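Visitor: Quick note: the sequence shown, position 154, residue 157 per the numbering used here, numbers continuous.
Okay, here's the structure, questions in a sec.
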Amino acid sequence: MRLNRFLAAAGIASRRGADELIAAGKVTVNGKPCTDFHFQPAPNDHVKVNGKLLRQSARLYLALHKPAGFVCTRRDPQVSDTIYDLLPGKFASLFYVGRLDAQTEGLLLLTNDGDFSQQLTHPRFKVEKEYEVVLEEASTPDFLERLRRGVVLDGKRARLKEVERTSRNRMRVVLEQGMNRQIRRMVARCGNEVKKLRRVRFGHVSVGELPRGHWRHLTADELHSFAS
4 MRLNRFLAAA GIASRRGADE LIAAGKVTVN GKPCTDFHFQ PAPNDHVKVN
54 GKLLRQSARL YLALHKPAGF VCTRRDPQVS DTIYDLLPGK FASLFYVGRL
104 DAQTEGLLLL TNDGDFSQQL THPRFKVEKE YEVVLEEAST PDFLERLRRG
154 VVLDGKRARL KEVERTSRNR MRVVLEQGMN RQIRRMVARC GNEVKKLRRV
204 RFGHVSVGEL PRGHWRHLTA DELHSFAS
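Following this line, the structure appears as structure tokens:
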């Protein structure tokens with residue numbers, strides 16, 4: 004976990020605020036000022052801010068069933084409802100893994116473990132994300148074939164690992180990529196629109212029966228599944 008995330012996870016400041024503390028020389032590691040934003044404290048390192056010793060928090064891993072209308076952000080004066088409004092205050096320093104746009108529902112993971120977050124989001128690990136999609140119009144064979152071939156977004160080839168039609172205007176898709184609003188943009192490029200989007204699985208973690216707006220801790224088996 005980089006130094007700014009370490010400070011944020013300890014509840015000292017936001018990552019931007021942590022960057023300011025680091026740049027100002029107010030952070031020391033083992034008694035020496037540290038201005039290296041990429042430095043990753045080891046478990047036995049002594050990190051202090053303004054002379055106060057920080058301790059690494061216990062690792063936390065949560066699953067949240069995000070409702071539509073809630074934004075993945077910690078603080079924004081333009082936003083009234085954020086995902087952190089759905090969590091106890093003690094979890095305010097956790098960061099989310101894999102953003103969902105405001106109108107997308109479903110499974111969102113949160114943690115204070117930077118390595119875990121990196122493993123789940125970096126393209127080389129190819130962690131699957133599964134979605135239920137409701138379309139504005141009934142799907143056609145041509146529309147589905149275009150989706151399966153993929154489209155170019157932002158100069159890159161956007162692909163879906165799996166596309167399955169489940170009813171006339173519903174489908175199940177699986178992603179390994181993580182491009183901005185990828186499913187909505189791909190559907191639009193192929194001549195349709197997304198009416199409703201819900202993430203139901205992230206890796207081996209399923210939203211299951213978790214009610215909207217509720218959260219739970221990940222199980223030991225779920226955590227182990229990402230390591231295997």
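For each residue, glycine too, the CB sits at the ideal point set by N, CA and C.
No experiment lies behind these values; they were computed from the predicted model shown.
Under 9 Å between the Cβ atoms of residue 196 and residue 148?
Guide: no
Visitor: Within 10 Å of its beta-carbon, does residue 155 have 16 or more other beta-carbons around it, so buried, or fewer, so exposed?
Guide: exposed
Visitor: How long is the line joining the alpha carbons of residue 19 and residue 193, rounded to whole angstroms?
Guide: 38 Å
Visitor: Applying the 10 Å Cβ sphere with the 16-neighbour rule, what's the burial state of residue 245?
Guide: Since the displayed the chain opens at 4 and closes at 231, residue 245 lies outside it and no answer follows.
Visitor: Counting along the chain, where does the alpha helix (DSSP H) carrying residue 120 start and finish?
Guide: Taken as a continuous stretch (DSSP letters only), the alpha helix (DSSP H) holding residue 120 covers 117-124.
Visitor: Would residue 43 and residue 6 be called neighbours here (beta carbons separated by less than 9 Å)?
Guide: Yes, Cβ-Cβ distance for residue 43 and residue 6 is below 9 Å.
Visitor: With a CB to CB cut of under 8 Å and the five nearest residues on each side skipped, what residues in its chain are close to residue 221?
Guide: 64, 65, 66, 112, 208
Visitor: Would residue 177 and residue 133 qualify as a contact pair, given that the criterion is a beta-carbon distance under 9 Å?
Guide: Contact flag set, yes.
Visitor: Could you pull out every unbroken beta strand (DSSP E) segment of at least 3 residues lying fully inside the stretch 15-81, listed in chain order?
Guide: 30-32, 50-52, 55-57, 64-69
Visitor: Residue range of the beta strand (DSSP E) that residue 170 falls in?
Guide: 165-170
Visitor: Give the secondary structure of residue 6 by DSSP, where H, G and I count as helix, E and B as strand, and everything else as coil.
Guide: Per DSSP, reduced to three states, the secondary structure at residue 6 is helical.
Visitor: If we ignore side chains and look at the alpha-carbon of each, how far apart do residue 32 and residue 128 end up?
Guide: Cα to Cα, residue 32 sits roughly 31 Å from residue 128.
Visitor: By the three-class DSSP mapping on this structure, what secondary structure does residue 135 have?
Guide: strand
Visitor: Where do the ends of the alpha helix (DSSP H) carrying residue 146 lie?
Guide: Per DSSP, residue 146 is one residue of the alpha helix (DSSP H) stretching across 144-152.
Visitor: Tell me the rounded alpha-carbon separation between residue 123 and residue 105.
Guide: 21 Å
Visitor: What is the DSSP secondary structure of residue 182, counted as helix, strand or coil?
Guide: coil
Visitor: Who are the Cβ neighbours of residue 165 in its own chain at under 6 Å, not counting the five residues just before and after it?
Guide: 177
Visitor: Determine the extent of the alpha helix (DSSP H) in which residue 140 is found, giving its start and end residues.
Guide: Per DSSP, residue 140 belongs to no alpha helix (DSSP H) and is neither H nor E.
Visitor: On the criterion of 16 or more Cβ atoms from any shown chain inside 10 Å, does residue 40 qualify as buried, or is it exposed?
Guide: exposed
Visitor: For residue 226, report the span of its beta strand (DSSP E) as first-last.
Guide: Taken as a continuous stretch (DSSP letters only), residue 226 belongs to no beta strand (DSSP E), being part of the alpha helix (DSSP H) at 223-230.
Visitor: Starting from residue 99 and walking both ways along the beta strand (DSSP E), at which residues does that stretch end?
Guide: 98-100
Visitor: Report yes or no: is there a C-beta of chain C within less than 9 Å of the C-beta of residue 76?
Guide: Judged by its chain identifiers, the structure shown contains no chain C, having just a single protein chain.
Visitor: Compare the Cα-Cα distances from residue 226 to each of 181, 94, 118 and report the closest residue.
Guide: Here the closest residue by C-alpha is 118.
Visitor: Can you tell which of 229, 146, 184, 211 has its C-alpha closest to the C-alpha of residue 200?
Guide: 184
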